[in-house]
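A.B. asks:
Residue numbers (the working numbering): 496 to 1138.
#1: Take residue 717 and list the residues in its own chain whose beta-carbon comes closer than 8 Å to its own, dropping the five residues that flank it on each side.
#2: Candidates 995, 685, 746 and 1100: which alpha carbon is nearest residue 952's?
#3: Leaving out the 5 sequence neighbours to the left and right, which residues in its chain are closer than 6 Å to residue 1067 when beta-carbon positions are compared?
#4: Let me check understanding here. Comparing Cα to Cα, which of 1052, 1009, 898 and 559 lies closest to residue 950?
#5: From residue 653 to residue 552, what distance separates their C-alpha atoms?
#6: Taking Cβ positions, are residue 856 and residue 819 nearer each other than 8 Å?
#7: Could you check how far apart the C-beta atoms of residue 519 and residue 543 are, in whole angstroms? I think they sit under 8 Å.
#8: Taking residue 958 and residue 982 to be in contact with their CB atoms under 8 Å, please state how far apart those CB atoms are, rounded to whole angstroms.
#9: Assess, as a yes-or-no matter, whether the stretch 890 to 901 is touched by the stretch 1078 to 1088 under the definition of 3 or more beta carbon pairs within less than 8 Å.
#10: My assumption, with CB atoms under 8 Å, is that residue 608 sits in contact with residue 651. Please give the rounded CB distance.
#11: Are the CB atoms of residue 779 and residue 733 nearer to each other than 8 Å?
#12: Please identify the residue among 686, 645, 699 and 577 whose C-alpha is closest to the C-alpha of residue 664.
#13: Does the beta-carbon distance from residue 916 to residue 874 come in below 8 Å?
#14: Jot down the residue ranges of each uninterrupted alpha helix (DSSP H) in the stretch 754 to 833, minimum 4 residues, whole runs only, in chain order.
#15: Do residue 962 and the ligand NAP come close, with the Cβ less than 7 Å from some heavy atom?
#16: For residue 892, which option in 877, 904 and 902 has the closest C-alpha, if you only look at C-alpha atoms?
#17: Does DSSP put residue 733 in a helix, in a strand, or in coil?
#18: Which runs of the alpha helix (DSSP H), 4 residues or longer, sit entirely within the stretch 509 to 581?
#19: Can you give the Cα-Cα distance for residue 1074 and residue 1097, rounded to whole angstroms?
#20: To test your reading of the DSSP string, which unbroken beta strand (DSSP E) runs of 3 or more residues are found completely within the stretch 954 to 1014?
#21: For residue 1126 and residue 964, I'd like the C-alpha separation in whole angstroms.
#22: Give the list of continuous beta strand (DSSP E) stretches no shorter than 3 residues that lie fully inside the stretch 1062 to 1103.
#23: So which of 989, 821, 629 and 910 has the shortest CA-CA distance to residue 719?
#24: Under a Cβ-count criterion, where at least 16 other Cβ atoms within 10 Å of its own Cβ denotes burial, should residue 691 be classed as buried or exposed?
#25: Using the C-alpha atoms, what's the distance from residue 693 back to residue 812?
#26: Tell me whether residue 613 is buried or exposed, calling it buried when 16 or more other Cβ atoms sit within 10 Å of its Cβ.
#27: Can you name the start and end residues of the alpha helix (DSSP H) that residue 618 belongs to?
#28: Looking at residue 979 and residue 772, is the spacing between their C-beta atoms short of 8 Å?
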């Protein structure tokens, strides 16, 4: 035996030569050797461990390492946290597991990579994978997400970036995209994207109308749906496109009466009927003109560049349709169909308006297949859900009954399509233009109001509620409700209350105004805005502690969506129910029979309120705390009671 003394007290290493008859892999012999070395040569601050073995030369090297107690005395807080987590990893994945830590300039752990040899066992036991992940996540400081790479025997923990609680755009975030040159204007429109919100990675989730012509938004009261609509309206009008507003509740989208490029506001049932009919007529005229040969168009061959985009914003679509149905029933005359054509027109616009540059933004409190049928809904390629929604709404919007339920209770927190999948975002906070709203801020409003007005306000003429109708039997005129068909042809008025035709093409007046604006910009040597790329926008964000993340209790879930807590068993669980696991409420995503288990074991799949997925094994009779997901009908009934 040879040793190397580095300082008084103990050698730093020992070289041991052993006989041919000794097997170094014999744990009993190794244990005795280590016991002798530690007893005779250690001063209590170190312990000897095997560093290397050369069985050919029959040589073994022992290395002195500080004891756990000595490490605790000398180590920094960072070293201590790494040691403790490594010990936890080795408890879970075996003594051979190793851990690599990555830290940023501030010393904060950003990523942890674990190398292990348990991939086979973990792949055969899903519950072990989930339990290991869940336990190790609790041992790391902060919020992390984990990723198992079983083929490469690694487990990676990446620090989750904190979501902002408020995201605002800088002043006039969208440049004017309308151009005097028709082709340049169309190319700018083709690249136009509306910023909906920020992802966890700080990327913009956007709506690209050219690719996905219509946007469907679902969000209950207080979710931030109306604020998102303000953001969309304000970005569209900044870009110089015409906006038509149609509010089912007739009081949500107030304050746009003098807003540049808001061309039409339908805030009564009769005006909403007329606006939808007019939009439907414009769509058909645009499509028909492009199909017909120039000889039949008075020598004019129409192309898509001859049109300008129209954005129809319809909030509270369910209420809108219900109001129109009631109005039709009271104003239809004998011989008319049982239902109006409004639903048919809306469905037709959703299906056929892509090539006519007409886009719809439809808002709903809850996704309802009766309100938004399957064929119509499929034409809404862009989608946004705010807050926690019902399982039916989640299924309708995301083809998954649970993903829309598992959203933190933070106002403006939402799901949107990003890179082809539903992704959690913090939506853009936009100012309310209604002077009577408590959040009204004139200074903030100036920063988002369009700089250029290309379209003037138009109105639907308000007809008298009653009119004189001739009665053939009595040969007299009688007072009766104004017939339905009269409302379909109600005149459109300009700001001076004179009748005006709403053109289906880009008008000469628009092109003259655009040439004037471009000439002014040249005189001022203003840089021409890049309208072919999405503007580089640095958002203003506010980061606040997410209290619900620190204590994700049952109160983090909307009581309108889920019933009160009760005791039940695992086999009674259904998709989208809440179940309490180790003190945390999670959303059930699946309950499947375990093919490797015995005694009827099931694998429970779940999703946390922060979008992380997991699963665990349980018996069918295991007692649990459960909150059942309410049906759409139950939610509507409860909402009506609260109102």
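Note that CB positions come from ideal geometry on N, CA and C, so glycine has one too.
C.D. replies: Quick answer:
#1: Against the chain shown, residue 717 aligns to sequence position 222. 882 and 906.
#2: The count along the chain shown starts at 1 and reaches residue 952 at position 457. Here the closest residue by C-alpha is 995.
#3: Reading the chain shown from its first residue, position 572 is the one you call residue 1067. Hits under 6 Å: none found.
#4: Here residue 950 refers to the residue found at position 455 when the chain shown is read from its first residue. Ranking the options by Cα distance to residue 950, first place goes to 1009.
#5: To locate residue 653, count along the chain shown from 1; it is residue 158. To locate residue 552, count along the chain shown from 1; it is residue 57. So the alpha carbons of these two residues sit roughly 44 Å apart.
#6: Taking the chain shown and counting its residues from 1, the one referred to as residue 856 is at position 361. Taking the chain shown and counting its residues from 1, the one referred to as residue 819 is at position 324. Cβ distance not < 8 Å, so residue 856 and residue 819 don't count as in contact.
#7: By 1-based counting over the chain shown, the position of residue 519 is 24. By 1-based counting over the chain shown, the position of residue 543 is 48. Contact flag wrong, Cβ pair sits at about 15 Å.
#8: On the chain shown, residue 958 is found 463 positions in, with the first residue counted as 1. On the chain shown, residue 982 is found 487 positions in, with the first residue counted as 1. Right, the Cβ-Cβ distance comes to about 6 Å (below 8 Å), so this counts as a contact.
#9: When Cβ pairs closer than 8 Å are counted between the two stretches, the stretch 1078 to 1088 is seen to touch the stretch 890 to 901, the count reaching three or more.
#10: Position 113 of the chain shown holds residue 608. Position 156 of the chain shown holds residue 651. The Cβ separation is near 5 Å, so the contact holds.
#11: Locating residue 779 in the chain shown gives position 284, counting from the first residue. Locating residue 733 in the chain shown gives position 238, counting from the first residue. Their beta carbons are not under 8 Å apart, which means residue 779 does not touch residue 733 by this criterion.
#12: For this step, residue 664 is matched to residue 169 along the chain shown. When only C-alpha atoms are compared, the closest one is 699.
#13: Taking the chain shown and counting its residues from 1, the one referred to as residue 916 is at position 421. Taking the chain shown and counting its residues from 1, the one referred to as residue 874 is at position 379. No, they are not a contact pair.
#14: 764 to 786 and 812 to 826
#15: No copy of the ligand NAP occurs in the structure displayed, which carries no ligand at all.
#16: For the purposes of this step, residue 892 is taken as residue 397 along the chain shown, with counting starting at 1. Of the candidates 877, 904 and 902, the one whose C-alpha sits nearest the C-alpha of residue 892 is 877.
#17: Residue 733 sits at position 238 when you count from the first residue of the chain shown. Of the three classes helix, strand and coil, the one that applies to residue 733 here is helix, per DSSP.
#18: 522 to 536 and 563 to 569
#19: Locating residue 1074 in the chain shown gives position 579, where the first residue counts as 1. Locating residue 1097 in the chain shown gives position 602, where the first residue counts as 1. So the alpha carbons of these two residues sit roughly 15 Å apart.
#20: If we require 3 residues or more, the beta strand (DSSP E) runs fully inside the stretch 954 to 1014 come out as 961 to 966 and 971 to 976.
#21: By 1-based counting over the chain shown, the position of residue 1126 is 631. By 1-based counting over the chain shown, the position of residue 964 is 469. In a straight line, the C-alpha of residue 1126 is about 47 Å away from that of residue 964.
#22: Whole beta strand (DSSP E) segments, 3+ residues: 1073 to 1076, 1079 to 1088 and 1097 to 1102.
#23: Here residue 719 is taken as the residue at index 224 of the chain shown, counted from 1. Checking every option, the nearest Cα to that of residue 719 belongs to 910.
#24: Translated into the one-based positions of the chain shown, residue 691 becomes position 196. Per the 10 Å Cβ criterion, buried.
#25: Looking up residue 812 in the chain shown gives position 317. Looking up residue 693 in the chain shown gives position 198. Their backbone Cα atoms lie some 26 Å apart in a straight line.
#26: Mapped onto the chain shown, residue 613 falls at position 118. That one is buried.
#27: By 1-based counting over the chain shown, the position of residue 618 is 123. 614 to 619 is the span of the alpha helix (DSSP H), which, as asked, contains residue 618.
#28: Stepping through the chain shown from its first residue, residue 772 is reached at position 277. Stepping through the chain shown from its first residue, residue 979 is reached at position 484. Not in contact: residue 772 and residue 979 (Cβ atoms no closer than 8 Å).
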